[in-house]
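Here the structure is laid out as structure tokens; the discussion comes afterwards.
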Amino acid sequence: MNKFLEYLRGPFILIVLIVISRYLFPSKMTFLVEITTFSIYIIANDILYGYMGMVSFGQPFYLGVGAYTAAIYLAHIGHNPLIAIVLAIMMGFVIGGILGPAYIRLRGDYFALINAASCGMGLFLVEKTFLAFTRGDDGLWYRSRMHETPLLDLRKPGEFFWFAMIVLFIVLVWYTWLNRSTLGAAFRAIKVNESKMKFLGYNTFVIRWTGFTLNCVLAALAGAMFAVNYGFVNPSITAPDRAAEVLVATLLGGAGSIYGPFFGTVAFIGLRDVVSTFVSRWEVAMGVLTIIVCFKFKGGVWGTLQSIGRKLRGLKGKFSAQNV
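Counting in my numbering, the sequence shown runs without a single skipped number right up to 336 at its last residue.
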């Protein structure tokens with residue numbers, strides 16, 4: 013029971029801070045929802061990169077799978093946003109199950125490049141091949157088709173905010189469990205020495221496949237939340253040139269940590285929004301910051317905060333010992 017409460021404590025505190033921010037800065041609610049959705053997207057990538065050391069340039073493809081699954085359902089088939097999100101999660105699982113066995117056989121640059129190719133393929137499919145369903149570059153508009161959902165009406169920004177908080181809380185509790193679980197340890201062990209894992213009798217193929225599928229599911233969930241929140245999706249969500257965003261945010265927050273994805277998202281989106289008000293090429297500032305983090309703050313924002321916290325506790329301990 014105590015261990016379960018430990019899983020709940022950190023995510024609960026983070027959600028409370030977000031909710032307080034909403035009421036302190038009412039005009040920033042859209043920004044907070046964007047951070048919430050993007051954080052789930054970064055968590056998906058962190059499973060691959062932070063835990064297993066697998067660099068993927070295909071994350072926009074998996075995000076687009078979820079977004080377009082939800083959008084096509086809402087634009088052509090049904091009206092319930094919750095069903096759209098569930099279908100997107102299922103499609104993420106299917107994509108991970110189908111592509112995983114082929115993709116995870118590749119290592120290093122080849123794994124990164126085949127995922128990048130997936131982005132190009134996905135962009136072509138939604139722009140040209142499935143034009144009747146996706147409407148190409150014009151995108152899909154479907155907010156007027158969405159019906160009210162029980163308890164929380166996801167058509168309303170204020171109520172979608174609470175839905176996003178619930179989803180982020182569940183994902184963070186699960187991610188906290190993963191960080192301390194045997195599965196999380198297996199992911200990290202593969203990153204350090206996969207050959208030794210094989211020697212010890214572990215089926216590293218299944219472990220890598222599991223991690224890849226979890227990545228696809230969470231990215232699809234984030235895509236579906238994006239689609240429902242904005243009521244619009246276009247091919248730019250799958251664009252290959254957006255692949256670097258997720259990697260930069262992962263590095264900024266601190267790869268392989270529980271709260272790194274959230275703080276990386278805040279740093280990335282916050283800096284983007286602030287810098288873009290002064291200069292059009294905000295990517296230059298982001299690039300400089302990323303270089304600084306890679307060389308000076310390898311633990312990212314969250315790792316740096318943890319380091320500062322440890323130093324402060326050490327100083328507090330010294331002062332307490334001197335006063336005794």
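Beta carbons are placed, not taken as given, at the ideal position from N, Cα and C, and that holds for glycine.
The alpha helix (DSSP H) enclosing residue i, as first and last residue numbers
i: Ser361; result: It is not possible to answer for residue 361, since the shown part of the chain is limited to 13 through 336.
i: Asn246; result: From DSSP, Asn246 is part of no alpha helix (DSSP H); its letter is neither H nor E.
i: Ser207; result: Thr194 to Phe211
i: Gly282; result: Gly272 to Val287
i: Ala255; result: Ala255 to Gly265
i: Phe123; result: Gly120 to Phe136
CB-CB length for residue i against residue j, believed under 8 Å
i: Gly120; j: Gly78; result: Going by Cβ atoms, the distance from Gly120 to Gly78 rounds to 27 Å, so no, they are not a contact pair.
i: Ala129; j: Gly235; result: Actually they do not touch by this definition, with Cβ atoms about 19 Å apart.
i: Leu143; j: Pro247; result: Not quite, the Cβ-Cβ distance comes to about 11 Å (not below 8 Å), so this is no contact.
i: Ala251; j: Pro72; result: 6 Å
i: Val185; j: Leu20; result: 6 Å
i: Phe172; j: Val45; result: 7 Å
Three-state secondary structure (DSSP) of residue i
i: Phe24; result: helix
i: Leu163; result: coil
i: Leu230; result: helix
i: Leu152; result: strand
i: Ala56; result: helix
i: Ala144; result: helix
i: Lys310; result: coil
i: Tyr187; result: helix
i: Met64; result: coil
i: Phe37; result: coil
i: Gly268; result: coil
i: Ile116; result: coil
i: Ala236; result: helix
Proximity test, residue i beta-carbon vs the ligand ATP heavy atom, cut-off 6 Å
i: Tyr122; result: The ligand ATP is not part of this structure, which contains no ligands at all.
C-beta neighbour in chain C for residue i, strict 7 Å
i: Val204; result: No chain C is present in this structure, which holds just one protein chain.
(request) Tell me, please, whether the region 296 to 313 touches the region 76 to 96 by the rule of three or more beta-carbon pairs shorter than 8 Å. (result) no
(request) Specify whether the region 171 to 188 and the region 23 to 42 touch according to this definition: at least 3 beta carbon pairs, one from each stretch, less than 8 Å apart. (result) yes
(request) Ignoring anything shorter than 4 residues or poking outside the region 69 to 107, list the alpha helix (DSSP H) runs there in chain order. (result) 71 to 84
(message) Across the region 59 to 67 and the region 186 to 206, are there enough close Cβ pairs to call them in contact, namely three or more that are closer than 8 Å?
(response) yes
(request) Report yes or no: do three or more beta-carbon pairs, one from the region 266 to 286 and one from the region 220 to 239, lie closer than 8 Å? (result) no
(request) Say whether the region 300 to 314 touches the region 251 to 270, bearing in mind that this needs 3 or more beta-carbon pairs closer than 8 Å, one atom from each stretch. (result) yes
(request) Could you say if the region 204 to 215 and the region 182 to 196 meet the contact criterion of at least three C-beta pairs nearer than 8 Å? (result) no
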